[in-house]
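Residue numbers (UniProt numbering): 560 to 839.
Even glycine gets a Cβ: it sits at the ideal position worked out from N, Cα and C.
These figures come from a predicted structure and were not determined experimentally.
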Amino acid sequence: RAKESGTNRFQFYTEDMGAGAMERLQLESHLRHALARGELAVHFQPQCRADGSVAGAEALLRWNSPRFGMVPPVRFIPIAERSGLIVEIGEWVLREACRQGQRWRNGPAPEFRVAVNLSVAQFRQADLVARVADILAETGFPATALELEITESMLMEEVQSSLETLASLKALGCMLAIDDFGTGYSSLAYLKRFELDVLKIDKSFVDGLGNDGNDSAVVHAIVGMARSLGLAMVAEGVESHDQYDELVAFGGEDILLQGYLLGYPMPADELDHRLASPTG
Ligand code: C2E
Ligand code: MG
Ligand code: MG
Ligand code: MG
């Protein structure tokens with residue numbers, strides 16, 4: 560009940576422009592201490608094969624603030640980015656994801672892979688590659704099982720330095736995924752320059768599968784191009800059986816499925832149960 564009213568209060572203020580700026584400042588000052596106060600958590604959303612088995616998971620940050628209730632990432636990630644807090648928080652997410660991932664690899668899922676979102680600020684960090692290497696060494700998680708998600712706009716902003724950063728991450732052995740594909744300005748052929756491994760088909764295209772012929776045509780085309788460029792695929796936001804069926808028909812074994820139909824983002828101990836079950 561307390562949590563609920565906290566959330567409502569938060570939404571009330573964000574709808575008011577004047578209070579919005581104040582709210583952002585308050586969020587920022589609370590976010591500054593959120594990590595140390597144990598208010599942040601990493602949840603894991605399964606990425607499944609066509610047969611429903613779990614191949615890996617995307618790490619997604621959650622903030623349960625005693626003051627504001629559950630604050631959605633769309634609200635606090637931009638604040639974390641603008642304030643620079645995302646560098647420390649993002650590094651913690653990466654360590655947490657690798658630590659849990661290694662636990663699953665040592666247990667029920669030896670091939671388990673983890674996908675982690677990288678923010679622009681982290682991407683621009685001069686010592687990003689060294690930090691990733693440290694975390695891999697510290698957790699024992701193999702680089703080849705770590706997928707770093709970046710967006711098209713991050714690549715297009717500073718092409719030359721992006722190429723160098725990505726090449727170093729590749730040299731470390733990491734997989735590179737392009738998130739929200741199709742919502743930015745790039746072309747697939749251009750993206751090939753960046754030596755990507757995985758293309759994540761944005762939810763906005765998956766939404767219309769099963770009832771919108773245009774979305775079907777777009778997704779079919781993306782799958783065809785990704786295949787010819789040798790990229791693996793993850794479909795985001797799979798919510799219905801119709802979408803699932805159509806994605807499997809297009810992508811077969813080459814596509815992983817992620818969405819509420821296959822599992823919500825969940826705490827690590829819930830994924831433990833999922834992996835222990837016969838379908839895990
Ligand atoms: P994203 O990386 O594209 O993550 C996918 C988002 O889609 C997640 O939202 C997930 O909960 C949501 N989603 C998954 N399946 C479905 C579905 O079937 N239906 C619907 N409606 N939504 C679905 P979430 O967790 O709210 O995160 C939003 C965004 O915040 C992420 O988008 C990512 O850009 C950012 N984010 C989250 N965690 C982190 C993090 O640790 N670091 C950074 N830099 N960004 C993060
Ligand atoms: Mg992502
Ligand atoms: Mg995405
Ligand atoms: Mg998104």
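- Exposed is the label assigned to A689, since fewer than 16 other Cβ atoms lie within 10 Å of its Cβ.
- When DSSP states are grouped into helix, strand and coil, L820 belongs to the coil group.
- Here S727 has V688 as same chain residues with Cβ atoms under 7 Å from its own Cβ, once five neighbours each way along the sequence are excluded.
- In the DSSP assignment, L830 is bridged to no other residue.
- One Cα belongs to M715, the other to N676, and the distance between them is close to 17 Å.
- Distance from the CA atom of F671 to the CA atom of L586, rounded to whole angstroms, is 35 Å.
- Per the DSSP secondary-structure output, C607 pairs in a beta bridge with V613, L816.
- In the structure shown, the three-state DSSP call for S624 is strand.
- Buried is the label assigned to K759, since at least 16 other Cβ atoms lie within 10 Å of its Cβ.
- Here the C-alpha atom of G741 lies approximately 13 Å from the C-alpha atom of H779.
- Taking 7 Å as the cut-off, the Cβ atoms of A692 and V652 do not count as close.
- When the alpha-carbon of E708 is set against those of L834, V797, G783, K729, the nearest one is in K729.
- With fewer than three CB-CB distances shorter than 8 Å, the segment 823–831 does not count as touching the segment 797–806.
- Less than 7 Å divides the Cβ of E640 from the Cβ of S678.
- Residue pairing of D738 in beta bridges, as defined by DSSP: T710.
- Contact check for A593 against L599 passes: the beta carbons are separated by less than 7 Å.
- Comparing alpha-carbon positions, the option among L722, G772, E723, E754 lying closest to A736 turns out to be E754.
- When the beta-carbon positions are compared, T698 and Q661 come within less than 7 Å of each other.
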